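Heads up: the sequence lines are chains A and B, in that order.
Per the working numbering, the first sequence starts with residue 677, numbered consecutively.
Per the working numbering, the second sequence starts with residue -9, numbered consecutively.
We put the CB at the ideal spot given by N, CA and C, even for glycine.
The model shown is predicted, which means the values in this text are computed figures rather than measured ones.
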Amino acid sequence: AQSVAQPEDQVNVAEGNPLTVKCTYSVSGNPYLFWYVQYPNRGLQFLLKYITGDNLVKGSYGFEAEFNKSQTSFHLKKPSALVSDSALYFCAVRPTGANNLFFGTGTRLTVIP
Amino acid sequence: SAVISQKPSRDICQRGTSLTIQCQVDSQVTMMFWYRQQPGQSLTLIATANQGSEATYESGFVIDKFPISRPNLTFSTLTVSNMSPEDSSIYLCSVETSGGVNEQFFGPGTRLTVL
C-alpha cells in the first residue's frame, strides 16, 4: 500500500534559522515527489517537485528539498526562515503509472519572530 | 499553470440535502480530480473526473454518494448527496496539465458544513 509520512505535526523555528520539514514515503517503483503549502484560508499551492536527476531540487520562495532514495525521504528545507513561511505543508507522492497524488498528514510550520 | 475557480466557496447545508460544487479551469486540461480534506486531516482523493465517461472512484467512495460530471475539458461538478454531518469537509478540485509529469494545481476549495 502507498503511504506518505510526515512525522511531525508541528515544527517551530526562529526567524532567520534554517528549517526542515520531514517526509518519508513507502511507494512501489520510482515515484514522483511533491511539496505543497497551504496558507490560512487559501488554496493549496505547489512548491516543488522531484522527478529525476539531481537529488536537490529548488522551488518557490527559497525552498528546496532533498531526495534520498536509500532512506525513501524527501525533506523540505530552507536556509533562513521567514515569519511569512508559517503555514501548513504537505508532502505528496505520485506512484509510477498513477495519475493521482497521495498526501501526507501535513506539518504546521510556525516561524517565531 | 492553470487558474481554477470553485463555486460555492462555502455553504452550510441541512442533513439529507445535496450540494453540487462546480470547478472551472481557464484552459483545457486532461486530468481533473476531486479531493476531500476533512477537518484537521490531509487530502484524500475521491475520484478522477473523466471527460466523456464515468468518473473513476477511489476505495471508499461511490458514485451514488458523490456523482461527478465532466462535460468538457474545462469544467466538472461534484455532488455530495444525502449529506450528513460527517460530510463536513473542504472539497478541492485539482487539475493536471498535459505533457510530461506536471504538478497538480488546486482550486481554492469549497468549505461545506452539514448541520
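Minimum length 3: unbroken beta strand (DSSP E) runs contained in the stretch 760 to 785 of chain A: 763 to 770
Reduced DSSP category for ASP685/A - H, G, I as helix; E, B as strand; rest coil: coil
Under the three-state DSSP convention, the category GLU93/B falls into: coil
Short-range partners of chain A found in the stretch 17 to 29 of chain B, where Cβ spacing is below 7 Å: MET21, PHE23
Which listed residue (ASN706/A, ASN688/A, TYR708/A, TYR726/A) has its alpha carbon closest to that of SER762/A: ASN688/A
Alpha carbon of ARG0/B to alpha carbon of SER746/A, nearest angstrom: 43 Å
Chain D residues whose Cβ lies nearer than 8 Å to that of PHE739/A: The question asks about chain D, but that chain is absent: this structure's protein chains are A and B.
Against chain B: residues of the stretch 771 to 788 of chain A by CB proximity under 9 Å: ASN775, ASN776, LEU777, PHE778, PHE779, GLY780, THR781, GLY782
Where VAL(-7)/B falls, given that 16 or more other Cβ within 10 Å makes a residue buried: exposed
6 Å Cβ shell around VAL713/A - same chain, five flanking residues per side excluded: GLN721, LEU723, ALA763, TYR765
Those runs of the beta strand (DSSP E) which lie wholly inside the stretch 15 to 43 of chain B and span at least 3 residues: 21 to 27, 33 to 39
C-beta contact flag for SER66/B and MET21/B at 7 Å: no
Start-end ranges of the beta strand (DSSP E) lying completely within the stretch 55 to 105 of chain B, minimum 3 residues: 58 to 62, 65 to 70, 79 to 86, 94 to 96, 100 to 104
Check whether THR696/A and LYS753/A have beta carbons under 7 Å apart: yes
Beta-ladder partner(s) of VAL697/A, from DSSP: LEU752/A
Continuous beta strand (DSSP E) stretch holding VAL733/A: start and end: 732 to 734
Coil, strand or helix - TYR737/A by DSSP: helix
Nearest-angstrom Cα separation, counted from SER756/A out to TRP24/B: 35 Å
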